[in-house]
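Shown next, in structure tokens, is the structure this report addresses.
4 protein chains.
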Amino acid sequence: MAAFCYPDPVTESRFSGAKVADDESPGKAADARPKRERILRAATKVFARKGFYATKVSEVAKAAGVADGTIYLYFKNKDDLLVSLFEDRIDRLLSTLAQELAARPSPEARLRCVIEMQLGLLEGQRDLAEVITVNLRQSTKLMKQYAAPKFALYLDLIAQVVSDGQKAGVFREGVSPHVMARAIFGALDGVTMTWALGRADAGGLSRAATQIADVLLRGLLR
Amino acid sequence: MAAFCYPDPVTESRFSGAKVADDESPGKAADARPKRERILRAATKVFARKGFYATKVSEVAKAAGVADGTIYLYFKNKDDLLVSLFEDRIDRLLSTLAQELAARPSPEARLRCVIEMQLGLLEGQRDLAEVITVNLRQSTKLMKQYAAPKFALYLDLIAQVVSDGQKAGVFREGVSPHVMARAIFGALDGVTMTWALGRADAGGLSRAATQIADVLLRGLLR
Amino acid sequence: MAAFCYPDPVTESRFSGAKVADDESPGKAADARPKRERILRAATKVFARKGFYATKVSEVAKAAGVADGTIYLYFKNKDDLLVSLFEDRIDRLLSTLAQELAARPSPEARLRCVIEMQLGLLEGQRDLAEVITVNLRQSTKLMKQYAAPKFALYLDLIAQVVSDGQKAGVFREGVSPHVMARAIFGALDGVTMTWALGRADAGGLSRAATQIADVLLRGLLR
Amino acid sequence: MAAFCYPDPVTESRFSGAKVADDESPGKAADARPKRERILRAATKVFARKGFYATKVSEVAKAAGVADGTIYLYFKNKDDLLVSLFEDRIDRLLSTLAQELAARPSPEARLRCVIEMQLGLLEGQRDLAEVITVNLRQSTKLMKQYAAPKFALYLDLIAQVVSDGQKAGVFREGVSPHVMARAIFGALDGVTMTWALGRADAGGLSRAATQIADVLLRGLLR
DNA sequence: CATGAATGAGACTTCATTCAT
DNA sequence: TATGAATGAAGTCTCATTCAT
């Protein structure tokens with residue numbers, strides 16, 4: 024559930040110092056990671072507030088507490104900042120999701136898991152949610168060239184859950200797993216987007232998750 | 024179904040003056056509209072191909088066959104081009120949809136109508152689909168200030184269909200009509216987005232519409 | 024002799040208005056040429072004073088009395104400014120030189136013509152001289168990629184004069200025309216450079232021309 | 024002849040420490056000099072390949088196998104690198120040349136000596152030749168402030184040779200020794216430049232030296 | 001109405017230089 | 001001495017917008 028998440032803000036501040044010391048290879052720049060993370064986190068916040076194109080690199084730098092030039096020690100350019108942000112987070116989601124799914128044999132449970140995870144990981148992270156649902160789509164180029172491959176992996180994973188359910192005789196035939204994957208993703212994305220752009224009340228996404236899961240499962244079951 | 028559509032490309036060049044003259048408010052200059060339409064159409068094409076921010080106003084002008092400055096006789100600025108594009112199209116959708124829905128009493132038929140219409144109007148208009156699903160999200164500002172209100176109207180309309188279905192005892196209780204509206208919209212949007220970004224095969228959206236409608240209806244029915 | 028020159032500063036201000044009107048094709052942007060020339064002239068002045076790399080594009084713009092962006096309507100980038108400057112001038116030199124040489128049959132006269140022309144065209148144009156002898160060599164890239172081809176044409180032309188003189192039995196054999204061409208060009212370039220970097224006294228180059236021509240001719244004659 | 028040259032690349036790596044230790048002022052740190060030399064040599068190579076302005080200090084550092092900051096322990100700044108390079112080499116040339124000239128009484132021999140030395144020292148050192156003929160002119164500021172004084176010394180030395188020859192009644196009167204010095208230097212520089220920018224074939228410069236010396240001497244002799 | 005040359009503000013990015021280690 | 005991560009000043013270039021024709 025914490026898959027896609029930044030380190031929890033609470034624990035983060037507590038352990039950030041320790042983390043560098045204990046779970047990083049000591050040869051590497053010991054403080055490089057935190058700085059990269061700091062920049063990414065600042066970028067998320069500013070992008071969400073102002074939009075990607077309206078955000079100046081210098082604003083991200085200021086928010087991260089580094090010099091403008093420092094951004095370019097960690098990211099190729101401004102675009103790379105957005106893409107890296109997306110890739111970092113979706114990588115975490117993919118690996119956790121794969122792991123969680125492996126632990127759940129029933130198709131229903133697996134589908135619920137996907138739904139809860141996609142919504143759960145953004146709950147409480149309005150900024151990240153906004154960046155991913157809104158800002159990431161800023162540029163067709165970014166979408167097509169960079170985000171698309173990772174995104175396709177995620178859709179395939181959902182499609183697999185549907186397909187497995189069909190093979191197991193639990194889900195109805197006659198529904199294309201790939202269309203369904205897109206629809207499921209889109210439904211969750213749509214809910215997240217309006218949540219992020221609106222009041223973003225606590226618990227809103229969890230409640231939505233249950234309802235959407237109920238409807239989709241009833242719709243898919245034989 | 025032609026709601027959201029451009030005038031048919033064939034008739035357009037021949038009759039554009041006349042056509043727009045009769046179903047539009049007469050206050051505006053007689054030949055201004057076709058030029059406005061030409062610009063809007065060019066914008067759609069270029070925005071879809073390159074993304075809103077990567078598109079220069081001069082490129083839209085060239086694609087529309089007008090001078091750069093002419094754009095500013097019809098639109099306040101570049102943002103206005105995108106917003107106008109969205110509003111023009113969604114206005115047509117809203118009025119047609121309201122009209123179509125009025126003709127269908129059963130909740131199932133009404134929900135199917137929504138789904139078919141949202142997908143149907145973009146079928147064969149890959150450019151427009153891409154602009155609406157991808158480019159419109161370019162700027163949080165645009166989304167929040169301009170698109171959001173119109174968009175909310177659309178979501179309310181869907182929510183109403185769900186809510187009416189519940190009151191009629193056809194759809195299950197326990198599902199928030201607003202959450203459902205967002206999920207339905209998102210599901211269709213997700214399918215459209217991948218369709219537009221991918222191969223965009225003819226008929227792809229219609230087939231998807233039926234499947235999604237089936238799943239959602241089964242999921243919503245008592 | 025005016026080959027390589029800007030229009031004479033005196034006549035220029037007198038006739039610039041007229042020139043546009045009478046000797047330009049009227050279809051073309053009537054005032055584009057003067058603006059390009061103005062920029063080129065401003066660039067020469069500023070480059071000579073501060074060096075190419077130390078000169079900001081905005082300084083050239085200010086000196087030319089145009090906006091920064093205007094520079095980019097006439098030149099691809101800052102490098103192009105330097106290269107264009109060189110090419111424009113050398114083109115004029117080449118065509119005038121070819122024409123003058125055709126009118127002189129004797130090898131001695133032809134060599135004197137080359138020498139007087141290379142030095143004469145820069146006499147009184149210290150800025151241009153400095154840009155060509157000093158600034159142009161600022162970048163190996165510029166030299167190798169752009170200036171070199173035109174420059175080679177010029178060297179070939181000198182080599183041809185030497186070679187023709189040898190065939191005519193006037194100049195000694197045993198001297199490579201190409202080596203000699205480079206040496207002649209270099210001798211003149213060296214004199215011009217120190218003249219431009221130093222006091223640049225009026226008449227200095229003409230006097231030098233005669234002396235150098237004398238030495239080289241005596242050295243080359245049988 | 025080795026005047027202007029780097030230490031021979033072969034012996035250099037083996038004996039660099041010892042060699043520089045004996046013929047240099049002992050005041051400086053014992054191992055600082057080889058590092059200074061390494062940096063200067065790296066700078067020559069990289070400047071020749073990319074041009075002074077296109078070369079980053081970090082590239083020189085990498086080529087020299089030192090850290091960026093180390094450069095600043097030996098040179099005040101990037102400009103100082105170019106100036107030092109020039110001064111180091113020209114100092115060697117000047118002292119060797121003075122010494123060689125002292126050993127030759129006849130004006131003809133002295134002039135041949137100048138020519139052979141200027142070309143000879145660069146033969147086989149294409150990089151250095153390119154830096155001196157092309158890169159050094161990168162900045163008017165560098166030329167005027169730093170290189171010019173040393174350069175003037177060199178020109179004076181050549182002028183002296185001409186002037187002495189005239190006084191001895193060997194060279195013709197009526198030729199300004201200073202103009203001649205600039206022309207001689209320029210002729211050699213021109214040949215070197217095209218050699219360095221072109222194929223730079225072995226022996227090319229020596230052959231050129233003889234031809235140029237022949238022409239100039241015949242031109243200058245009574 | 002239409003044009004398109006001109007504008008000029010402002011963003012991204014580079015890179016010489018510094019300094020804590 | 002040596003390092004190289006960090007800095008931040010500053011320049012090139014773009015492009016939305018204007019306005020004289």
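Protein chains in written order, with our numbering: chain A, 24 to 245; chain B, 24 to 245; chain C, 24 to 245; chain D, 24 to 245. Beta carbons are placed, not taken as given, at the ideal position from N, Cα and C, and that holds for glycine.
- If you look at residue 177 (chain B), you'll find it in the alpha helix (DSSP H) that goes 171–190.
- For residue 138 (chain D), there are no neighbours in chain C by C-beta distance under 9 Å, as the nearest C-beta there is about 10 Å away.
- Beta-bridge partners of residue 109 (chain A) (DSSP): none assigned.
- Taking each of C:240, C:104, C:221 in turn and checking the Cα distance to residue 205 (chain D), the smallest one comes out for C:221.
- For residue 151 (chain A), no Cβ of chain B is located within less than 8 Å of the residue's own Cβ.
- Using a 10 angstroms sphere on the CB of residue 212 (chain D), the tally of other CB atoms reaches 16 or more, which defines it as buried.
- Nearest to residue 104 (chain C) by alpha-carbon distance, out of C:79, C:134, C:244, is C:79.
- The three-state secondary structure of residue 142 (chain B), taken from DSSP, is helix.
- For the segment 226–244 of chain A, the beta-carbon criterion of a distance under 9 Å to any beta-carbon of chain B is satisfied by 227, 230, 231, 234, 235, 237, 238, 239, 240, 241, 242, 243, 244.
- Against chain A, the beta carbon of residue 186 (chain B) has no neighbour under 8 Å; the closest one sits roughly 14 Å away.
- Chain A has a Cβ within less than 8 Å of the Cβ of residue 210 (chain B).
- The beta-carbon of residue 133 (chain C) is placed no less than 8 Å from the nearest beta-carbon of chain D.
- Under the three-state reduction of DSSP, residue 194 (chain A) is assigned to strand.
- For the segment 73–89 of chain D, the set of residues with a beta-carbon nearer than 7 Å to any beta-carbon of chain C comprises 73, 74, 76, 77, in chain order.
- Across the structure, residue 190 (chain B) and residue 75 (chain A) are spaced so that their CA atoms are roughly 43 Å apart.
- The Cβ atoms of residue 108 (chain C) and residue 215 (chain C) lie no closer than 8 Å to each other.
- In this structure, the CA atom of residue 62 (chain C) is about 13 Å from the CA atom of residue 99 (chain C).
- Taking a Cβ-Cβ threshold of 7 Å, the residues of chain A close to residue 206 (chain B) are 210, 213, 214, 235, in chain order.
- Take the alpha-carbon of residue 64 (chain A) and the one of residue 85 (chain D): they are about 33 Å apart.
- A residue is called buried when at least 16 other Cβ atoms come within 10 angstroms of its Cβ; residue 160 (chain B) meets this threshold and is buried.
- Looking from the CA of residue 199 (chain A), the closest CA among B:72, B:234, B:135, B:69 belongs to B:234.
- Taking CB atoms only, residue 129 (chain B) has no neighbour in chain A less than 8 Å away.
- Distance from the CA atom of residue 177 (chain C) to the CA atom of residue 121 (chain C), rounded to whole angstroms, is 10 Å.
- Between residue 217 (chain D) and chain C, the shortest Cβ-Cβ separation is below 8 Å.
- With contacts defined as CB atoms closer than 8 Å, residue 153 (chain C) and residue 71 (chain C) qualify as a contacting pair.
- Ranked by Cα distance from residue 147 (chain A), the first of A:225, A:241, A:242, A:66 is A:225.
- Residue 202 (chain C) reaches chain D at 214, 230, 231, 234, 235, counting residues in chain order whose Cβ is nearer than 8 Å.
- Taking a contact as a CB-CB distance under 8 Å, the pair residue 58 (chain B) and residue 89 (chain B) counts as one, their CB atoms being some 7 Å apart.
- Counting C-beta atoms within 10 angstroms of its own C-beta, residue 223 (chain D) has 16 or more neighbours from the protein chains shown and is therefore classed as buried.
- Close CB contacts of residue 87 (chain C) within its chain, under the 7 Å cut and outside five residues either way in sequence, are with 61, 62, 65 (chain order).
- Contact of residue 198 (chain A) with chain B is assigned, a C-beta pair being separated by under 8 Å.
- For residue 237 (chain C), the uninterrupted alpha helix (DSSP H) run begins and ends at 227–243, by DSSP.
- Rounded to the nearest angstrom, the Cβ distance from residue 240 (chain B) to residue 139 (chain B) is 12 Å, too far for a contact under 8 Å.
- Our two residues, residue 197 (chain C) and residue 209 (chain C), have alpha carbons roughly 20 Å apart in a direct line.
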